[in-house]
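Engineer: Take a look at the following structure, please.
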Amino acid sequence: APLAHRHVVFTIPKALRKLFLRERALLDLLPRVAFETLTRCLRAALDRKDGVPGFVVAIQTFGTEANYHPHLHGLVSDGLFLRGGEFVGAPLWDEEFERLLTETFRRLVLAALRKRDRLSDDFHEKLLTWRHGGGFSVYGRHLILNAEPA
């Protein structure tokens with residue numbers, strides 16, 4: 005079967021954007037956290053302890069209105085690659101899976117910022133109480149099918 009990929013967008017809340025604007029070096033944590041998010045969630049969904057997704061990502065720092073809006077655009081394999089080269093396809097990518105991705109991404113970004121001493125305990129806890137992802141989101145329902153190799 006042809007390999008499929010997804011266009012996945014990772015966003016952070018407005019409340020954190022000024023921090024990333026002031027400290028642009030923090031942008032490097034977003035792709036790492038996005039990869040960790042995808043790896044953990046796909047492994048959980050496939051009930052596996054191994055395998056990694058294919059992932060190519062670009063950091064975009066401006067939105068459509070030329071406002072500062074750091075976010076990621078990624079091309080993600082629709083499943084996991086195993087050590088021997090086998091590919092295990094992902095389960096259905098739906099709203100429930102995106103909620104899991106969003107919550108995992110939120111918690112990992114906040115933990116990374118806490119580790120770098122960039123969030124106070126109070127603000128960290130406040131961001132965790134915000135509902136519906138708290139301004140974080142992961143959206144990836146655009147499936148891209150590759151042609152069958154020749």
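Take the sequence shown: its letters are residues 5 to 154, numbered as in the numbering used here.
Yeah, the Cβ is synthetic: ideal placement off N, Cα and C, and Gly gets one too.
(1) So, is His146 buried or exposed, given that buried needs 16 or more other C-beta atoms within 10 angstroms?
(2) Compute the Euclidean distance between the alpha carbons of Phe85 and Lys119, then round it to the nearest angstrom.
(3) Just to confirm, are Gly93 and Gly78 a CB contact at a threshold of 9 Å?
(4) Which partner residues does His146 have in the DSSP bridge list?
(5) What's the call for Thr133, buried or exposed, on a 16-neighbour Cβ count within 10 Å?
(6) Closest Cβ-Cβ distance between Gly78 and chain D: below 9 Å?
(7) Give me the DSSP bridge partner(s) of Ile63.
Structural biologist: Judging by the given coordinates:
(1) exposed
(2) 30 Å
(3) no
(4) His11
(5) exposed
(6) The chain inventory of the structure shown lacks chain D, comprising one protein chain alone.
(7) Leu76
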